[in-house]
Every structure is written in structure tokens, then in C-alpha cells.
Amino acid sequence: MGLRRDSPFYDDLVMNPFRNMDEVRNRSLRFIILEDDKEIQKRITTTPPNDQGKRKLDSPTSKSFKSKPYYKANYHKINLVDEDEDDEEYPKISDYCFSVDIPELMCAMQDLGEKARWPPKEKKFATRDKSKWCAFHEDFGHITDDCIALRKEISYLLSKGHLKELLGKKKDRRQDSNGFPKRAASPPKDAKVINFISGGSDICGTSNSAARKHPIEAKMENGERPTKTSTLTTETVVSFEEQDRENILDPHHDGLVITLYVANHYVRRILIDGGSSVNIIQLETLKRMNIPESEITTKSLILVGFSGEAKATVGEIKLPVYIEGEYRENEVPLNPDDPEVKVIIGTNIPEDIEEKLISFLKSRVSTFAWKHEDMTGISSDVITHKLGIDRNIKPVHQKRRKFAPERNLIIEEEVEKLLKTKMIREVKFPKWLANVVVVQKKNGKWRVCVDYTDLNKACPKDPFPLPHIDFMVDATAGHEILTFMESSAGFQQIQMEPSNQEDTSFMTPTGIYCYTAMPFGLKNAGATYQRLVNMMFKEKLGDTMEVYIDDMVVKSKITENHLKDLQESFDILDHYNMKLNPSKCHFGVRSGKFLGYMVTKRGIEASPEQIQAILNLKSPKNIKEVQRLTGRIAALNRFISRSSEKFKGFYDILKKNKKFQWDEEHEKALQDLKEYLSSSPLLMRPEDGEPLSLYLAVSRTTVSVVLVKDHQGSQHPMYYVRKA
């Protein structure tokens, strides 16, 4: 039966034989209810470990109360504990990100002596929730993290300079560090998923736990140690935040039901069952997701339910799933002596290929820039950046800007780093002089740039063409496996033309410097970099690689060929001494974000980040908000049919000398847009030589075209074009 022999349920089944599985199920439910009731009663009656028996309550006027550390005769007004105050004014304890837990925090407060104030204990305990315990009050009623008195006291102590040594760096668990799209809301109304729990085979037992234990026990009997194949380790942290507990009443046995972005559709009410051995999706759901049955691999499986009833599946299918906007990936260490030397690889690749990929990356550690000093730069014999300044234009010395002390510190650190790598040098009497600019990047770090506005006006535009983004995205989609790479501070790996170095001069609080390497912010830097990568990868572009400035992708039609394609790309990188940024590289993934689009084997999808941006928009209240809406629509034009006609009303509002007016027609168009984007169609990529169909729609104001292809008996859109 897969039951523990020392369990009461096992004893009950042995002492009272059952007639069928229905009876077993009913009896098991009664045992579950009994265990739940005992657990609830235990929570209510159990005294917290710090309480020994009944606690004697002190009167605020008694001598024993006045001898306590929480009593202060001259209690400072700002430090009063008032549970009736608005709790939004003071952050929760968990929001401070202390480096110690609450008990250690309490000990640190006690060490402060009279500087810390403690609350009096109340006698009104009859109506308190005995399932919640506050370590600060040493009483029932609420949990410690919600204690307003403690939150106010900690806020006061921090304002006085206490406890700051216990603060850690705040980490946002929801931050999108890899740039992958986040989950969008508003799933399609007709999407549904049914999960079914398999009972296992007769050999392994009728329970899933028995099925999991069977191969382990078999190896134990043969004297083998079971090998751990899971990518998760004991250090892997799976956490839930306070906002995940909203509307949950403790204790509870609710199932974990989530919404996922599956194959370009938002599918609701997906049950997460850790004991289930299979994942089941209804055939009807696939039909509503416009996925043809021909994509299902014919591989039937017999599933056995709790009742003993057997059902056969239609087959198997693999679908891309986004969880919080990013694919599941592994961080693989390449140097056991240095934990920071690691790269990211995909998980959905064969084990033998994964081992070869990791071995290859370990052998090419030198291709990455693990620190700034690793960027030795590309030889000036290969390429340099020339400014081509019009000498008839008078040089400009910008007026010096002032920065806050913390910004000055960031600037000084960047200058020291660049001096150490010889990317800048000190200069005297420059003709051109610019200010530095400190901007924050998406990952929270700071980037120090130079304001070359005046210098750029004196430089002619380099007409070197950049690749067409749509063509590159089309060429990338449809491949079985991909690797996304980005060069490390790519522009700064190219040397400046020696005669133009002093023209890049900039001032800081500590001195005047000029760049010896090509800096960010120059007018033609992108064209120079594209000229370099086109020359480097000319034999690979359009075949196994696509490169847009410093964004590179290695693509393979067959998974087994990917390592060979990757090795050829690394050979070119090493030949020209170009270094990669390891934190921005993703090796061996099935899909990912490239130039603002999600590329997969099935085709091209809109970035869920861009979809979410529109779904989160409220109805515009002024012209500026309408401009924001139309800008976000423009980013998704490729995925929206007849967009100029559907959203003509939005653009009419932006016409000059027209008063802002948002009516029911505009609101309906916005809601229709949101509903459409919640199940946006997949755009398939063209194949050489296949026939395509063109559909044309003409109205009084616009002409719209859709290019479609026939795929497995149905038509799929490839591209939408419109002209107003």
C-alpha cells in the first residue's frame, strides 16, 4: 500500500479489513481530518517555548513592573508604543532585511539597556488570537513581524543610530536580472488545465511515494548508493513573501493554484501537486490554445487514479512555460576555488550534452571578463574609433556640474577602475571638455557616462548600416537550441584613435581625464562596433550566429550540433581577444529574449513585459498618458492585426489643437486591446521555398495586410503590416 507500518492508518487497515478502494479512501479522509483537528488543538493549547506555565501579569503600578526593563518613568514622546497608530507609517521587521533573526534582534535590543523601551503587558487576553505570538510583548494576539510597537521602537532606534550594524543589503526576489519577461495577467476566459495524480504501477506500488522509493530501495539492495540527479541542492531557497499570504486563513490545507504563461497563453487554475508523477493538460485546452493535435507525440500512457480507475493518455507534448517571466536555468560553477566564476545554462537539454557543455565552458574560462582587469582590449591593428571632428566648429568646455557625496564616491570608484585598466589617462589643457553623468541601470547598479552632446554635434554621422531587427529575429526563431551572449563593456574593448583621445576629455571632482578606449555616448560608437562584429563573424552571420552590436546569439537547428557551433564562435572571440560578460550569457536554452522579442522553436512571441505594460495601464486622463499608450502599442504593432484602424481614435486625440476627451468608444478599444493581448497569436517564421498567403483589408482610412503560412493543416500569421 505504500504506507508506513508504524502509522495509525496502517494499523486500522490491518485490524479492520476493507472491501474496496472507495472504503480505503473514505477511511483515509477521516484520519486526515482527525490529524488536522489534533494539530489545530495543539497550536491553540501549546504555550510558546519562552513561557513556563501560566504567566503572572504585573500591574503598571506594582514594584515588580517598575523593575522591568520596559518600564521608564520619563518615557519619551516619540518613543511611545501606541497599537492604535497607523501601521503603514512603520515598515515591518522583514522589510528592514536584518542580518539576524528576531530572537537575536531582541537580544541586541536588550544589550542597549535603557536606550531600548519595552511595552507593558496587558491583562485583556480573553479575546486574543492564541494561535499568534509576539516575542516583543511576550503575549498572544499578533505575530512579532506585525507588532506595531516593535516596528515603531526599531524605527526610533535606527533613527538614533542603533542596530544599524545588523542591517543587511536588501534583495528584491522579484527582480528580473536576466532581462526575461515577467508574467502577465488577464488570462483567456476559455483556458483551463486539469491535473491528474497517477497511482503508479503494480511493481512500484499504488502510491507516488512508493513509486519514488522503489528505484532507491532497489539500489540499496544491490549495494549501490543512489545518485542525486536533481539540479536543486540543499542550499536552494524556495521562498514566499508576505504578500503571498494575502487572503489566507491559518491553519489551512489549500492547494497551491497558480496562473502560468503557457505557449503564448495565460492559463489559470493550475494545481501544483508535489506528489503527482505526471503533468496533465486537457486536449480541449490545447485546441483552445490553437495548438494542432499533429504536434502531439503519439505515446500513450496508462494512468491509475486513487479509485483504481485506469485512463489512457492521447500522447505527449512539450510546451514553453514562463514562470515569473523567466526560464528555469542553472548557475554552474566553473572554478571550485572561486564561487563567483559561474555561468548560466538551460535545464531542458540532454544530460550528456549538458556535461559536454559544462566541460567546454570550463576549458574556455579565459573568454569571459570576470573582472574589469580581464578586458585587455582588441588590437588597434584590427580597428580603432575615429571621431572625424569638423575643425571649423569651436570646441566647448561644459560648465562644471556638482554631485551629491554618494555620487562623487561612485565616480571616484569608476575612475580608479578605468585608470587601473588603462582605459583612461590624465590630460592637461584639453580643447573639448565634458561632464560625467551617473545613471542607474536596470539591475540597480550605477553606470558612469560622459555627456558628449557638444562633441557629437561636431562629428559627422557614420552611415554604416545596422542590421534590420525584424530580419534577425525571423532568422533566429525556429531553432532547436540557442545561446545568448553579450560582450563585457563591449564599446570599451575598442581603442580610440590616438589623435582623438584628448577630444574625449571629461572632468571629475578629482581631475581631468580622457579615454584611450571607445567610451559610451559617442555618436558613431554603435556603427564602429557593428563594423567590427560584421568583420569578425562574417562567415557565421545568417548561418549559426546573429549579432546586433554587442548582442549575440548562437543558434542550432539540431541540439547535438550546438556545442560545435559554440566552439567555432568562441574560437573567433579568442582570436580577436573579445571578452564576454558571464552574467549576461545564457547557454543551451530553448528560447529567450532577443532584441525585444521572445524567440522559440515554434516562432516569435511578444515580450510578456510589453504585454504586461499595456495590461497594467489605466484609462488615460490626459494627453501625456495617451502618448504613453500609443508608444506601447507601437512596440507591439507586429503582433496586432489592423492596429491603425482599431486604435485610430487614440491617435486622433493627439492631433494638434484638439481638446482631450476620453469617451466610451476609446474605453472599449482599450479593453478590446487588453483582451486581445491576453492571448496574442504566435507569429511563425517563414521557411525557404514554402508558399505564403497574403490577406488584404482596406477601409476609408487604413490599409492592412497579414502574411500567413499553412502549417499542419491550419493557417498561422507571420507578419502584420498597416498603413494609415
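Residue 582 in full-length UniProt numbering is what sits at position 582 of the sequence shown, and the numbering runs on without skipping anything. Quick reminder that beta carbons are idealized off the backbone N, C-alpha and C, glycines included.
N-terminal and C-terminal residue of the alpha helix (DSSP H) that residue i is part of
| i | result |
| --- | --- |
| A635 | 623-635 |
| S556 | Per DSSP, S556 belongs to no alpha helix (DSSP H); it is in the beta strand (DSSP E), 551-556. |
| T508 | Unbroken run through T508 is the beta strand (DSSP E), 506-508; no alpha helix (DSSP H). |
| T107 | At residue 107 the sequence reads Cys, which differs from the Thr that was named. Residues 102-111. |
| residue 739 | The structure shown does not extend to residue 739, since the chain spans only 1 to 724, so no value can be given for it. |
| H562 | 562-576 |
| M536 | 525-536 |
Other residues of its chain near residue i: CB distance less than 8 Å, five sequence neighbours each side excluded
| i | result |
| --- | --- |
| G596 | I469, S607, Q610, A635 |
| I353 | T559, E560, H562, L563, G588 |
| H385 | I494, Q495, M496, E497, N500, M518, L522, N524, A525, T528 |
| A108 | V100, L163, L166 |
Cut-off 7 Å between Cβ atoms - residues of its own chain near residue i, not counting five sequence neighbours on either side
| i | result |
| --- | --- |
| G141 | R128, D129, K132, C134 |
| L319 | V262, A263 |
| W662 | S619, P620 |
| E104 | none |
| N20 | none |
| I572 | M536, F537 |
| G511 | E426 |
| Y452 | A434, G521, L522 |
| S699 | E645 |
Straight-line gap, residue i to residue j (C-alpha atoms, nearest Å)
| i | j | result |
| --- | --- | --- |
| N408 | D503 | 23 Å |
| G588 | D474 | 19 Å |
| D550 | L157 | 48 Å |
| R628 | G713 | 40 Å |
| P465 | A527 | 7 Å |
| E480 | I349 | 10 Å |
| S552 | F537 | The sequence as given places Met at residue 552; Ser does not occur at that position. In a straight line, the C-alpha of M552 is about 10 Å away from that of F537. |
| I102 | E426 | 51 Å |
| T367 | Q440 | 27 Å |
| residue 731 | K442 | What the structure shows of the chain is the stretch from 1 to 724, and residue 731 is not part of that stretch, so it cannot be assessed. |
| H666 | L692 | 35 Å |
| P8 | P17 | 14 Å |
| D652 | S359 | 59 Å |
| C147 | K160 | 20 Å |
| R638 | E316 | 31 Å |
| R27 | D145 | 40 Å |
| D273 | T285 | 19 Å |
| E373 | R151 | 45 Å |
| K417 | S556 | 38 Å |
| P460 | F429 | 25 Å |
| A434 | W446 | 19 Å |
| Y10 | T259 | 37 Å |
As assigned by DSSP and simplified to three states, the class of residue i
| i | result |
| --- | --- |
| N330 | strand |
| S704 | strand |
| R19 | coil |
| V24 | helix |
| A517 | strand |
| N208 | The pLDDT assigned to N208 is 47, lower than 50, so where the model puts this residue is not dependable; a value taken from the coordinates is nonetheless given after this. The answer is helix: DSSP assigns N208 an H, G or I state. |
| E426 | strand |
| C447 | The question names Cys, yet the displayed sequence has Arg at residue 447. It is a strand residue. |
| Q282 | coil |
| E373 | helix |
| S379 | coil |
| D139 | strand |
Residue i and residue j closer than 7 Å at C-beta
| i | j | result |
| --- | --- | --- |
| Q493 | I378 | yes |
| D565 | T544 | yes |
| M535 | M518 | no |
| F570 | R268 | no |
| I383 | L532 | yes |
| I424 | Y515 | yes |
| I410 | V438 | yes |
| L707 | G603 | no |
| residue 725 | S644 | Outside the shown range of the chain, which is 1 to 724, sits residue 725, and nothing can be said about it. |
| N335 | V343 | no |
| F660 | I623 | yes |
| F471 | G592 | no |
Chain C contact for residue i (CB, 7 Å cutoff)
| i | result |
| --- | --- |
| P608 | Looking at the structure shown, chain C is missing, and only one protein chain is on hand. |
Residues of its chain near residue i, where Cβ-Cβ distance is below 6 Å and the 5 sequence neighbours each way are ignored
| i | result |
| --- | --- |
| F594 | T476, V553 |
| N581 | E486, S488 |
| residue 725 | In this structure the chain extends from 1 to 724, so residue 725 is not present and cannot be described. |
Residue range of the beta strand (DSSP E) that includes residue i
| i | result |
| --- | --- |
| P717 | 714-723 |
| A669 | It is not in any beta strand (DSSP E) - A669 instead sits in the alpha helix (DSSP H) that spans 664-677. |
| G603 | Segment: none, G603 is in no beta strand (DSSP E) and carries neither H nor E. |
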